[in-house]
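S.K.: Heads up: the protein sequence lines correspond to chains A and B, in order. With the numbering used here applied, the first sequence closes on residue 429, and no number is skipped along the way. With the numbering used here applied, the second sequence closes on residue 330, and no number is skipped along the way. C-beta: ideal position from N, C-alpha, C; glycine also. Have a look at the structure that comes next, please.
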Amino acid sequence: MKFQGLAAGAAAAFTLLSTSSAFAVTEISWWHAMTGANNEVVEQLSKEFNESQGDYKIVPVFKGTYPETLNAGIAAFRAKQPPAIMQVFDVGTGVMMAAEGAVKPVAEILSMGGGTFDKSQYLPGIVAYYSKPDGTMLSFPYNSSSPILYYNKDIFEKAGLDVNNPPKTWPEVWEAARKIKTSGAASCGYTSTWLTWIHLENFASWNDLQYATHENGLADTNVELKFNSPIFVKHFQEIADLAKDGVFRYGGRTSEAKQIFLAGECGIFTESSGGLGDIVKSGMNYGIGQLPYEPDAKGAPQNTTPGGASLWVFGGKSDEEYKGVAEFFKFLSKTDIQARLHQVSGYLPVTLAAYEETKKSGFYDKNPGRETPILQMMGKAPTENSKGVRLVNLPQVRDIQNEEFEKMLAGEQTAQQALDNAVQRGNAAIQQALGN
Amino acid sequence: MGRRQEDIGSGGSSLSPRVIFPNKILPYLLVAPQLAITAVFFYWPASQALYQSMLREDPFGLNSKFVWFDNFARVLADPNYLNSVRVTAVFSLATAFVAMAVALLLAVMADKVVRGRGIYRTLMIWPYAVAPAIAGMLWLFLFNPSIGSLAYMLRWLGINWDPLLNGPQAMVLVVAAAAWKQISYNFLFFVAGLQAIPRTLIEAAAIDGAGETKRFWTIVFPLLAPTTFFLLVINTTYAFFDTFGIIHAVTGGGPGKATETLVYKVYNDGFVNLILGDSAAQSVILMVIVIALTAFQFRFVERKVHYG
Chain A
-6 MKFQGLAAGA AAAFTLLSTS SAFAVTEISW WHAMTGANNE VVEQLSKEFN
44 ESQGDYKIVP VFKGTYPETL NAGIAAFRAK QPPAIMQVFD VGTGVMMAAE
94 GAVKPVAEIL SMGGGTFDKS QYLPGIVAYY SKPDGTMLSF PYNSSSPILY
144 YNKDIFEKAG LDVNNPPKTW PEVWEAARKI KTSGAASCGY TSTWLTWIHL
194 ENFASWNDLQ YATHENGLAD TNVELKFNSP IFVKHFQEIA DLAKDGVFRY
244 GGRTSEAKQI FLAGECGIFT ESSGGLGDIV KSGMNYGIGQ LPYEPDAKGA
294 PQNTTPGGAS LWVFGGKSDE EYKGVAEFFK FLSKTDIQAR LHQVSGYLPV
344 TLAAYEETKK SGFYDKNPGR ETPILQMMGK APTENSKGVR LVNLPQVRDI
394 QNEEFEKMLA GEQTAQQALD NAVQRGNAAI QQALGN
Chain B
23 MGRRQEDIGS GGSSLSPRVI FPNKILPYLL VAPQLAITAV FFYWPASQAL
73 YQSMLREDPF GLNSKFVWFD NFARVLADPN YLNSVRVTAV FSLATAFVAM
123 AVALLLAVMA DKVVRGRGIY RTLMIWPYAV APAIAGMLWL FLFNPSIGSL
173 AYMLRWLGIN WDPLLNGPQA MVLVVAAAAW KQISYNFLFF VAGLQAIPRT
223 LIEAAAIDGA GETKRFWTIV FPLLAPTTFF LLVINTTYAF FDTFGIIHAV
273 TGGGPGKATE TLVYKVYNDG FVNLILGDSA AQSVILMVIV IALTAFQFRF
323 VERKVHYG
């Protein structure tokens, strides 16, 4: 207690000192989870914004990993000292949305700054995910990505596969993967990061399948999971069979499988488009394809959904601060800033203008594959099944799914059992989280 | 710690003169800082945890409801909780046993070394300076199925090594990493304990014709009992509480829930799943378990300990 008092006193003194030196500048804190090169982008953007005007100052603060940042924000809110802006990963979206009294919708803030907020300027697939059922955009998309297929061209060549023609459907992937293994071109055919995000959430949207009721949770929080329908079971049983034969190699729950692909052990790999940087850096002779789809599904391929993170604004701040936040978001939406962010970092552009500009500059001709995740997301207008998945406790549900997948891949249960268990346990967890 | 040194040395300090303070208030003033620290860093958070464990609220604390013991009832009825009790028992026993057995063996061996004894001991103590998360990463790299050098050797030996999917193998890996980290500490105390054993006893036994093994089990091991007991308490608490970093780095509680210990579940439910009430209830139960365990060890096991 004493320490807190001291710290608060010191902070107050510091604030007094700093405000007296830079008169009438409103400071806006931005908590984020970006490391390495992405952290540099955050610092650079803040610096450019602060230099572009004299009324507001963005102060970026690194808070650790995505979950750590979310926790720090929640703890700060409970202590009544939240930051103005907080970066929250896609999975935490449902958590933030459930806290209606704690956050201020971005749409409201952007129109507060004097201008009107035109949603049609933003990429529809991304905006839909970060909006309330009535269409109000709640958070500002900062870094978005989508899963795509990568393949090792050297391994393809050794296995006698067509180097310029990556598999387009899952059956084609399985066939190519088996060929890679049996021909001895590599010790494993296929691996994937994020089974939950790629093989359940995006598998559902890309093939226009229901993941959960109420538009996968976007229309209402009281949802029932539905991802144990026959087409999901068939898909996971195929993966389990490949795992048994050593054709599919499991890497871990998040992005660990990237190591396996980078080490040249597997020929085909599905991963976020944001993972491209490491693959380029490794110097591998790689190729990019669209995320494979299931030919038995009627609407496939539909569209993929965004991963990544968005910026949330906490409630209870002064109007002055909100105006500053609005200015900053407008700055981030500028076409040249967005285009640069997209080209440097590999994130998807948030505005359509930035996408057009990048296209016009010939960037995609020089960097084939960089347009793939955008085309996947924009190809068709999203359906009820393809706006993404939003649950009040998606991190917990993903944990449950991972546990059941691991038991399945270890041969302890079938795909049917794994998905049935995951649905049943997930539903119970959702009901508990809703307080029912 | 002060007391431990005496235990390991020779039989306590009952002969030291009793100090009497003439001032009535001074002693209280002298203990006050310690009491204040205990109050702020133990009683206050513990009472907060107790209060939180009877609440049901959303992560942001916007709605909360006092539910008495509902959270405890739900936690105790959860098969996953019972699973993590079992995992913790296996993990703690294995870690404490391996860490102590290996340390004792090394200490006895190092005691025999004549030349370069100091170097041996220093090398043995080094791993203790490694942070748990780093120790975890180290083991993770060595045994990573795709890039680990030791994993490669295991596969070469014909063992199907895959701790990412094989529960028992994952358990072996975390136990090895956790025990490895604690061996140095145990080693240090065993060496000190061995030095306190009078040479004459061992020599007398040798003259009577007792072999090395016999001498160890009938003389050395019983005389080490105070050290062994102390280390048992320390190692159990270590395995319960201080191994979070290792498990977090190596397996993250997986595969399935094969290495999810009680502490890891508290973290996971509280900080990943954001179910604060359940998490608080679990930490209260954990606190009770450890208090009970330590009390038990002092009440029953210590009776059998012979303080030379």
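Extract the residue ranges of the alpha helix (DSSP H) inside the stretch 119 to 194 of chain A, only unbroken runs of 4 or more that lie entirely within it.
M.R.: 146 to 151 and 163 to 175
S.K.: Do you know offhand how far V53/B's Cα is from E324/B's?
M.R.: Going from the Cα of V53/B to the Cα of E324/B covers about 28 Å.
S.K.: Report, in whole angstroms, the separation of the C-beta atoms of P93/B and K279/B, which I expect to be a contact under 8 Å.
M.R.: Residue identity differs from the one stated: residue 93/B is Asn in this sequence, not Pro. Not a contact, Cβ separation roughly 20 Å.
S.K.: Taking all protein chains shown into account, decide if Q80/A is buried (16 or more other Cβ within 10 angstroms of its Cβ) or exposed.
M.R.: buried
S.K.: Any idea if N296/A is buried or exposed, counting beta-carbon neighbours within 10 angstroms, 16 or more meaning buried?
M.R.: buried
S.K.: How many whole angstroms separate the CB atoms of V318/A and I102/A, which I take to be in contact at a CB cut-off of 8 Å?
M.R.: 6 Å
S.K.: Using a Cβ-Cβ distance cut-off of 7 Å, determine whether Q252/A contacts chain B.
M.R.: yes
S.K.: Using beta carbons (cut-off 7 Å, strictly below), is K400/A in contact with chain B?
M.R.: yes
S.K.: Using only CA atoms, which one of S138/A, K400/A, V166/A and P388/A lies nearest to V84/A?
M.R.: P388/A
S.K.: List the residues of chain B whose Cβ lies closer than 9 Å to the Cβ of V382/A, in chain order.
M.R.: Within 9 Å Cβ-Cβ: nothing; V382/A doesn't reach chain B, min ~17 Å.
S.K.: Answer with yes or no whether the minimum CB distance from N105/B to chain A is below 7 Å.
M.R.: no
S.K.: Assign A205/A to one of three DSSP states: helix, strand, or coil.
M.R.: strand
S.K.: With distances taken from CA atoms, which of L269/A, K151/A, T298/A and G280/A is nearest L211/A?
M.R.: T298/A
S.K.: Can the beta-carbon of T263/A be found less than 7 Å from the beta-carbon of L188/A?
M.R.: no
S.K.: Quick one: what's Q80/A bridged to in DSSP?
M.R.: L304/A
S.K.: Between which two residues does the alpha helix (DSSP H) carrying T298/A extend?
M.R.: Note, T298/A: premise wrong, no alpha helix (DSSP H); not H, not E.
S.K.: Can you name, in chain order, every residue of its own chain whose Cβ lies under 8 Å from the Cβ of A132/B, other than the five neighbours on each side?
M.R.: Counting only Cβ-Cβ distances below 8 Å, and skipping sequence neighbours, we find R139, Y142, R143, M146, F209 and V213.
S.K.: Would you mind telling me which residues of chain B sit closer than 7 Å to F70/A, beta carbon to beta carbon, in chain order?
M.R.: F82
S.K.: Where in the stretch 327 to 402 of chain A do unbroken runs of the alpha helix (DSSP H), each at least 4 residues long, occur, reported from the N-terminal end onward?
M.R.: Restricted to the stretch 327 to 402 of chain A, the alpha helix (DSSP H) segments that are unbroken, complete and at least 4 residues in length are 328 to 338, 345 to 353, 356 to 359, 365 to 371 and 387 to 402, listed in chain order.
S.K.: CA-CA distance, K400/A and A411/A?
M.R.: 8 Å
S.K.: Alpha carbon to alpha carbon, what distance is there between T365/A and V312/B?
M.R.: 55 Å
S.K.: In chain B, which residues lie less than 7 Å from A91/A when you measure between Cβ atoms?
M.R.: D80
S.K.: Just the chain A side, please: which residues come within less than 7 Å of G278/B by C-beta, in chain order?
M.R.: E396, E399 and K400
S.K.: Determine whether the Cβ of Q389/A lies closer than 7 Å to any Cβ atom of chain B.
M.R.: yes
S.K.: Under the assumption that L195/B contacts F238/B (Cβ atoms under 8 Å), give the Cβ distance between them as a whole number of angstroms.
M.R.: Not quite, the Cβ-Cβ distance comes to about 31 Å (not below 8 Å), so this is no contact.
S.K.: Could you give the distance in angstroms between the alpha-carbon of A261/B and the alpha-carbon of S206/B?
M.R.: 15 Å
S.K.: Please decide whether F293/B counts as near chain A, where near means a Cβ-Cβ distance under 7 Å.
M.R.: Taking CB atoms only, F293/B has a neighbour in chain A less than 7 Å away.
S.K.: State the start and end residues of the unbroken beta strand (DSSP E) segment that holds P223/A.
M.R.: Judged by DSSP secondary structure, P223/A falls outside any beta strand (DSSP E) and instead within the alpha helix (DSSP H) spanning P223 to K237.
S.K.: Counting contacts by CB-CB distance shorter than 7 Å, is L246/B in contact with chain A?
M.R.: It does not: the Cβ of L246/B has no partner Cβ on chain A nearer than 7 Å.
S.K.: To the nearest angstrom, how far is the alpha carbon of A198/B from that of G274/B?
M.R.: 16 Å
S.K.: Using the Cα positions of N386/A and P154/B, report the straight-line distance between them to the nearest angstrom.
M.R.: 30 Å
S.K.: Would you verify that the beta carbon of I67/A is, or is not, closer than 7 Å to some beta carbon of chain B?
M.R.: With respect to chain B, the C-beta atom of I67/A has a partner C-beta closer than 7 Å.
S.K.: Below 8 Å on C-beta distance, what does V88/A contact in chain B?
M.R.: P81 and L296
S.K.: Can you give me the Cβ contacts of T58/A inside the same chain, cut-off strictly under 7 Å, excluding the 5 residues immediately before and after it?
M.R.: Taking T58/A as the centre and dropping the five residues before and after it, the same chain places the C-beta of A26 closer than 7 Å to its C-beta, in chain order.
S.K.: According to DSSP, is P44/B helix, strand or coil?
M.R.: coil
S.K.: Roughly how far, in whole angstroms, is the beta-carbon of V240/A from the beta-carbon of G182/A, given that I think they are within contact range, below 8 Å?
M.R.: 4 Å
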